[in-house]
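Engineer: Please read through the structure below; I'll follow up with questions.
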Amino acid sequence: MKYKILERPDCEKAFELVEEALRKRATIIIFACCKVEYEGRALSQLNWGERIILIKPDGSFLIHQDKKVEPVNWQPPKSKTRQYLKGDRLILESHRRTPKELLSVEIRQIQFINYANVEDFEELEQAGYEKDMSDMIMERPHIIEEGFTPKTREYSVEHGFIDILGKDNDGNLMILELKARKAGVSAVKQLKRYLDDFENKENDYLKECKAQKKKIRGLLVAPSLMEDARELIEEEGIEFVSVEPPRELKRDKKITLDAF
1274 MKYKILERPD CEKAFELVEE ALRKRATIII FACCKVEYEG RALSQLNWGE RIILIKPDGS
1334 FLIHQDKKVE PVNWQPPKSK TRQYLKGDRL ILESHRRTPK ELLSVEIRQI QFINYANVED
1394 FEELEQAGYE KDMSDMIMER PHIIEEGFTP KTREYSVEHG FIDILGKDND GNLMILELKA
1454 RKAGVSAVKQ LKRYLDDFEN KENDYLKECK AQKKKIRGLL VAPSLMEDAR ELIEEEGIEF
1514 VSVEPPRELK RDKKITLDAF
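The sequence shown begins at 1274 in my numbering and counts up by one.
Now the structure itself:
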């Protein structure tokens, strides 16, 4: 990793380092006392304070305070960063073209500034989400119940997208709402809206499957239920199936002869 560090530089030296870093498409980190102004879809101003400024090669521009995870001000990738000197102050600007936005940072004292050419070609792998649950159920539908046949995923209805739509052993339609964490009342209400979408009109999916409209079952699939959600599903006649999302990352899977 190629990098350069300056401690307590004056703004002129910091200007030169930022100019060099932008030219080299490096990641820049600045600890400084600054004032921030934003103009675009709204207006905001942040008076003088010590903050962390992070500028990435993709154009992202972020300003962090000493609390919270999210930046207090930021511009997204593809923004254009420029810098200039105004007296003894360093000015950093991040311009976004569409929509038109300007984030301006006035710096009067710098404690630390550095840049580094970071090499990172990996993509984040995740497990334990609704998408992983959906993949698992499509591959092993019996974990819902014996005879369950999933037909389609992300099926569009008036109130959103049904996670999995399928049929049981008796040909009844099954609507599955998946939650990777403990499910609450909002999940039950969402599933009830999906059920109402099917009950209130003749649905195209039923015609396509040439299925007789016997019964429509709503199943909330999650590791567990909150107490208020448990009471509501009993009132609404909705079923609950306890399923834990898979926690295995793809890179952790071992290749065996069974794969060939």
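For every residue, glycine included, the Cβ atom is placed at its ideal position computed from N, Cα and C.
(1) Smallest Cα separation from ILE1325: which of GLN1338, ARG1314 and SER1333?
(2) Assuming ILE1417 and ILE1435 are in contact, meaning their beta carbons sit under 8 Å apart, how far apart are those beta carbons, in whole angstroms?
(3) Just verifying my parser: in three-state terms, what is the DSSP assignment at PRO1414?
(4) Once you ignore the five residues that flank PHE1334 on each side, which residues in its own chain have a CB closer than 7 Å to its CB?
(5) What's the C-alpha gap between ALA1299 and PHE1421?
(6) Buried or exposed, going by whether 16 or more other CB atoms sit within 10 Å of the CB of PHE1471?
(7) Here's the rule: buried if 16 or more other CB atoms are within 10 angstroms of the residue's CB, otherwise exposed. What is GLU1450?
(8) DSSP puts GLY1491 in a beta bridge; with which residues?
(9) Hey, how far is the Cα of SER1515 from the Cα of PRO1423?
(10) Please classify PRO1519: does DSSP put it in a helix, a strand, or coil?
(11) Flag this pair as touching only if the segment 1384-1395 and the segment 1488-1503 have three or more C-beta atom pairs under 8 Å; answer yes or no.
(12) Distance, Cα to Cα, ASP1441 vs ARG1413?
(13) Mind checking whether ARG1362 and GLU1379 have CB atoms under 8 Å apart?
(14) Go ahead and label LYS1297 buried or exposed: buried means 16 or more other beta carbons lie within 10 angstroms of its beta carbon, across all protein chains shown.
(15) Who are the Cβ neighbours of LYS1455 in its own chain at under 8 Å, not counting the five residues just before and after it?
(16) With a threshold of 7 Å, establish whether the CB of PRO1496 neighbours any heavy atom of the ligand PLP.
(17) Assuming GLN1356 and VAL1291 form a contact by the criterion Cβ under 8 Å, report the distance between their Cβ atoms to the nearest whole angstrom.
(18) Which first and last residues belong to the beta strand (DSSP E) in which SER1317 is found?
(19) Have a look at the DSSP bridge pairing and note the partners of ARG1426.
(20) Taking the alpha-carbon positions, what's the ALA1287 to LEU1279 distance?
(21) Which residue or residues does DSSP assign as beta-bridge partners of ALA1305?
Structural biologist: The short version:
(1) The residue you call residue 1325 lines up with position 52 of the sequence shown. Of all alpha-carbon atoms in GLN1338, ARG1314 and SER1333, the one lying nearest the alpha-carbon of ILE1325 is that of GLN1338.
(2) Numbered from 1 along the sequence shown, position 144 holds the residue referred to as residue 1417. Numbered from 1 along the sequence shown, position 162 holds the residue referred to as residue 1435. Wrong, their Cβ atoms sit about 14 Å apart, outside the cutoff.
(3) Counting from one through the sequence shown, the residue named residue 1414 turns up at place 141. Helix, per DSSP.
(4) Your numbering for residue 1334 matches position 61 in the sequence shown. Excluding positions up to five away in sequence, the list reads ILE1328, TRP1347, GLN1348, SER1352, THR1354, SER1367 and LEU1376.
(5) Translated into the one-based positions of the sequence shown, residue 1299 becomes position 26. Translated into the one-based positions of the sequence shown, residue 1421 becomes position 148. Distance between the alpha carbons of ALA1299 and PHE1421: 53 Å.
(6) Within the sequence shown, residue 1471 is the residue found at index 198, counting from 1. Burial of PHE1471 is indicated by the presence of at least 16 other C-beta atoms within 10 angstroms of its C-beta.
(7) As a first step, residue 1450 must be located in the sequence shown, where it is residue number 177. With 16 or more other CB atoms across the displayed protein chains lying within 10 angstroms of its CB, GLU1450 is buried.
(8) Your numbering for residue 1491 matches position 218 in the sequence shown. DSSP, once it has assigned bridges, lists ILE1448 as partnering GLY1491.
(9) Against the sequence shown, residue 1515 aligns to sequence position 242. Against the sequence shown, residue 1423 aligns to sequence position 150. If you draw a straight line from the Cα of SER1515 to the Cα of PRO1423, it is about 17 Å long.
(10) As a working mapping, residue 1519 is identified with position 246 in the sequence shown. Under the three-state reduction of DSSP, PRO1519 is assigned to coil, being neither helix nor strand.
(11) Touching, no, given that fewer than three Cβ pairs across the two stretches are closer than 8 Å.
(12) Position 168 of the sequence shown, counted from the first residue, corresponds to residue 1441. Position 140 of the sequence shown, counted from the first residue, corresponds to residue 1413. For ASP1441 and ARG1413, the distance between alpha carbons rounds to 14 Å.
(13) Locating residue 1362 in the sequence shown gives position 89, where the first residue counts as 1. Locating residue 1379 in the sequence shown gives position 106, where the first residue counts as 1. In this structure, GLU1379 lies closer than 8 Å to ARG1362 by Cβ.
(14) Position 24 of the sequence shown, counting from 1, holds the residue named residue 1297. The residue is exposed, with fewer than 16 neighbouring Cβ atoms inside 10 Å.
(15) Within the sequence shown, residue 1455 is the residue found at index 182, counting from 1. In chain order, ALA1495, PRO1496, SER1497, LEU1498 and MET1499 place their CB closer than 8 Å to the CB of LYS1455, counting only its own chain and leaving out the 5 sequence neighbours on each side.
(16) Questions concerning the ligand PLP fall outside what the structure shown contains, since it holds no ligand whatsoever.
(17) Position 83 of the sequence shown holds residue 1356. Position 18 of the sequence shown holds residue 1291. Indeed they touch by this definition, with Cβ atoms about 5 Å apart.
(18) Here the question's residue 1317 lines up with position 44 in the sequence shown. Taken as a continuous stretch (DSSP letters only), the beta strand (DSSP E) holding SER1317 covers 1316-1328.
(19) What you label residue 1426 is simply residue 153 of the sequence shown in a count that begins at 1. Answer by DSSP bridge pairing, in chain order: ILE1437.
(20) Residue numbering aside, residue 1287 sits at position 14 when the sequence shown is read from its first letter. Residue numbering aside, residue 1279 sits at position 6 when the sequence shown is read from its first letter. Roughly 8 Å separates the two Cα atoms.
(21) By 1-based counting over the sequence shown, the position of residue 1305 is 32. In the DSSP secondary-structure assignment, ALA1305 is bridged to ARG1324 and ILE1383.
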